[in-house]
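Just so you know, we're using our numbering here: the sequence shown kicks off at 185 and counts up by one. We put the CB at the ideal spot given by N, CA and C, even for glycine.
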Amino acid sequence: MTIRTVAPGVVSVGAIDWDRRLFDDLIPLPDGTTYNAFLVKGSEKTALIDAVDTTMEMALMTNLFRAGIDRIDYIIVNHAEQDHSGLIPLLLEMFGGAVVVTNKTCKDLLISLLGIPESRVQVVGDRDTLSLGDRTLEFLVTPWVHWPDTMLTFLREERILFSCDLFGSHLATSDLFLRDETEWRRAAKRYYAEIMMPFRNSIKGYLEKVRGLEPRMICPSHGPLYDDPEVVLTAYDDWVSDDVTNEVVIAYVSMHGSTRSMVEYLVDALIDRGVRVRQFHLPSTDTGDLAMALVDPATIVIAAPTVLFGPHPAAVTAAYLANALKPKARFATVMTSYGWGGKTIETLKGMLGHLKVEFLDPIQAKGYPSPETQDAIRTLADTIRERHAQVAKDWKDSA
Ligand code: FEO
């Protein structure tokens with residue numbers, strides 16, 4: 185627990201959570217996380233931008249005490265999810281004059297999720313401003329990064345953008361600002377894949393909006409802050425772009441080795457054809473690693489044995505994840521091995537409906553892949569190579 189100066193009159197009062205290993209009972213956190221919160225002191229008013237997770241109550245209270253705060257006028261809520269808003273009811277009790285400032289959608293969520301009294305909320309719209317005296321906060325309403333309520337807050341005089349979840353990373357670090365780019369890039373890409381990727385198209389527009397502000401600093405509410413915003417903006421340009429890599433991600437599970445053999449035939453055939461491959465054994469794969477691997481590749485293959493007439497549950501989970509995260513892949517297919525029949529291909533294909541992909545001919549083998557099945561796998565590899573080459577050519581021609 186410590187406070188740190190971000191810029192004149194701007195103090196970081198958030199918390200580092202070194203130990204957390206699971207977020208929302210859903211997202212693995214191999215590197216912990218931080219909940220960043222910021223005090224902005226104007227000549228007349230003081231604002232707190234975002235709060236912290238309820239588990240970090242002591243850290244926030246200690247930091248506010250150390251910052252010498254005996255009054256908060258505004259609590260700016262960029263996003264209602266509880267890791268940033270959970271302590272707001274307590275803050276409103278402690279600071280009787282404080283007003284929550286947020287957009288209409290976020291206000292509704294704060295009322296329904298946390299019972300925040302409507303009378304304590306001031307609603308702002310896109311590009312509205314709030315004066316703190318010699319400091320001005322400007323609000324940019326940016327729905328769906330990653331909830332419908334999200335907004336960004338820009339401190340005009342210092343040109344600091346407080347972006348809440350957008351541009352964040354689940355990374356517990358003692359660095360206030362990004363200093364270890366290798367460590368950060370992995371955590372930030374993982375975070376983008378797990379949380380922001382489904383909203384790729386919205387984010388494209390927001391990147392333009394953010395650049396238009398010419399921020400000299402971007403302060404997300406998870407992970408290190410950016411005193412060189414181009415680092416994160418350029419990374420996002422790449423991740424959200426429609427450009428794909430000459431790469432296949434194969435997510436597979438195998439019970440008795442037949443599906444694994446199909447995967448191995450495909451991997452070898454792709455390598456022979458100059459296509460990069462990443463192979464993930466689902467029962468031993470971290471879902472965050474798989475999500476991150478889905479950001480760039482042109483093709484996704486799910487391979488699974490047929491169990492009780494349908495796909496192995498591990499493949500169902502992977503298909504559900506890929507469908508929900510909506511990566512930019514252009515092609516997908518399914519491979520299965522079965523003993524006496526089933527609907528594995530139809531089931532998995534039906535689960536990928538959100539992907540804007542061409543579904544390549546699936547492959548199924550009765551038991552171990554026969555020579556005919558091995559030929560079909562090599563034909564699939566030929567198709568993938570051809571499709572990737574065409575996509576690369578189209579991308580180059582459009583540049
Ligand atoms: Fe960090 Fe969507 O909460």
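- In the structure shown, A506 falls within a helical segment according to DSSP collapsed to helix, strand and coil.
- Relative to A235, the option among E228, T218, G226, K225 whose CA is nearest is T218.
- A direct Cα-to-Cα measurement between T429 and I561 gives close to 21 Å.
- Listed in chain order, the beta strand (DSSP E) elements of length 3 or more contained wholly in the segment 228–289 are 230–233, 258–260, 283–286.
- Non-local beta-carbon contacts of P497 in its own chain, meaning distances under 8 Å to residues more than five positions away in sequence, involve V491 in chain order.
- Fully contained in the segment 419–460 are the following alpha helix (DSSP H) runs of length 4 or more, in chain order: 442–456.
- Put simply, of K512, V500, D470, E448 the residue whose alpha carbon is nearest the alpha carbon of L478 is K512.
- With 5 Å as the limit, the residues whose C-beta approaches a heavy atom of the ligand FEO more closely than that are E265, D267, D349, in chain order.
- Under the three-state reduction of DSSP output, R363 falls in the coil class, being neither helix nor strand.
- Straight across, the Cα-Cα distance linking R444 with A503 is about 18 Å.
- Selection P553, D412, M240 evaluated against Q266 yields M240 as nearest (Cα-Cα).
- Our two residues, V308 and I379, have alpha carbons roughly 25 Å apart in a direct line.
- I434 is the residue among I434, D254, P481, A482 whose C-alpha sits nearest the C-alpha of T469.
- The beta-bridge partner set that DSSP reports for A549 consists of S521.
- In the DSSP assignment, M476 falls within the unbroken alpha helix (DSSP H) covering 471–477.
- No residue range can be given for V541, since it is assigned to no beta strand (DSSP E) and is classified by DSSP as neither H nor E.
- According to DSSP, residue pairing for T337 in a beta bridge involves F323, F346.
- Contact check between the segment 384–395 and the segment 436–456: fewer than three CB pairs, one atom from each, fall below 8 Å, which does not count as touching.
- Note: V224 is bridge-paired with V194, A231 in the DSSP secondary-structure output.
- Taking 8 Å as the cut-off, the beta carbon of H465 is found no closer than this to the beta carbon of K510.
- It is roughly 19 Å from the alpha-carbon of N262 to the alpha-carbon of V416.
- Using a 10 angstroms sphere on the CB of Y552, the tally of other CB atoms stays under 16, which defines it as exposed.
- Just measuring C-alpha positions, the residue of R319, D201, L274, H330 sitting nearest V194 is R319.
- Just measuring C-alpha positions, the residue of S196, L564, P273 sitting nearest R250 is S196.
- Going by beta carbons, L355 and P408 fall inside the 8 Å limit.
- The shortest CA-to-CA distance from F383 to any of Y375, W328, R255 is the one to W328.
- Scanning its chain for C-beta atoms nearer than 8 Å, with the 5 sequence neighbours on each side dropped, one finds around L297 the residues A264, Q266, S269, in chain order.
- For the set D426, E530, N287, G472, the Cα lying nearest the Cα of F493 is the one of E530.
- Boundaries of the alpha helix (DSSP H) around Y390: 384–397.
- Bounds of the beta strand (DSSP E) holding A199 are 199–201.
- Here the segment 346–365 makes contact with the segment 212–226; the two share three or more CB pairs at distances below 8 Å.
- Secondary structure at R462: strand, using DSSP grouped into helix, strand and coil.
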